[in-house]
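Only one structure is covered here, and it is reproduced in the block below.
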Amino acid sequence: MPIWVDADACPTPVKEILYRAAHRAKMLTTLVANQGLRVPPSPYIKTQQVEQGFDVADHVIAQQVVPGDLVITGDIPLASWVIDAGGEALNPRGEIYTKETIKARLGMRNLMEELRSAGVQTGGPAPFNQADKQNFANALDRWLQKGRLG
């Protein structure tokens, strides 16, 4: 059950949590990005650089995910593809996407995209904060524990 990271937009504190978790749990963690990444030396942490382009990293991750894998992403369409493939998706703020919640999240994303394309100022997400970091760390720990017990 490897972990895949949509690393282009992943906050640095989340990456740091993932590095420690990969080492501690001896869990292969692959960061996929369209730019080079610096990661600590570890047999459990890999990077995969992909071509520049819209959603290239998302498509690479989606093609490689198998049931039981975890993908760290804030990208709703990627999370949907992961769930359809039998994987699990966790966003950097600690929210686990499920079959039950992903359709509503896709609908909201599409609505906001339509509003923005019509010129409506919708604002962006709140800044990443300490509570988000803690929520992510807790959700990741729960996932790792579930894998050990399951």
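Using the numbering used here, the letters of the sequence shown map in sequence onto residues 27 to 176.
Cβ coordinates follow ideal geometry from the N, Cα and C atoms, glycine included.
All of these numbers come straight from a predicted model, not from anything done at the bench.
No residue range can be given for A35, since it is assigned to no beta strand (DSSP E) and is classified by DSSP as neither H nor E. Each of V58, A152, S106 and Q78 was checked against the Cα of R119, and the nearest Cα belongs to A152. In this structure, the beta-carbon distance from I128 to I29 does not fall below 8 angstroms. The C-beta distance from A111 to V82 rounds to 18 angstroms, too long to meet the 8 angstroms contact threshold. Taking C-beta atoms as the reference points, L104 and D32 count as a pair closer than 8 angstroms. Runs of the beta strand (DSSP E) spanning 3 or more residues and lying entirely within the segment 98-150 occur at 114-116, in chain order.
Relative to P66, the option among A88, S143, E42 and Q74 whose CA is nearest is E42. Under the DSSP assignment, Q75 falls outside any alpha helix (DSSP H), being part of the beta strand (DSSP E) whose first and last residues are I71 to Q75. Annotated as distal: G79 and L96, with beta-carbon spacing of 8 angstroms or more.
For A165, the closest alpha carbon among the candidates V108, T38, S143 and A115 is that of A115.
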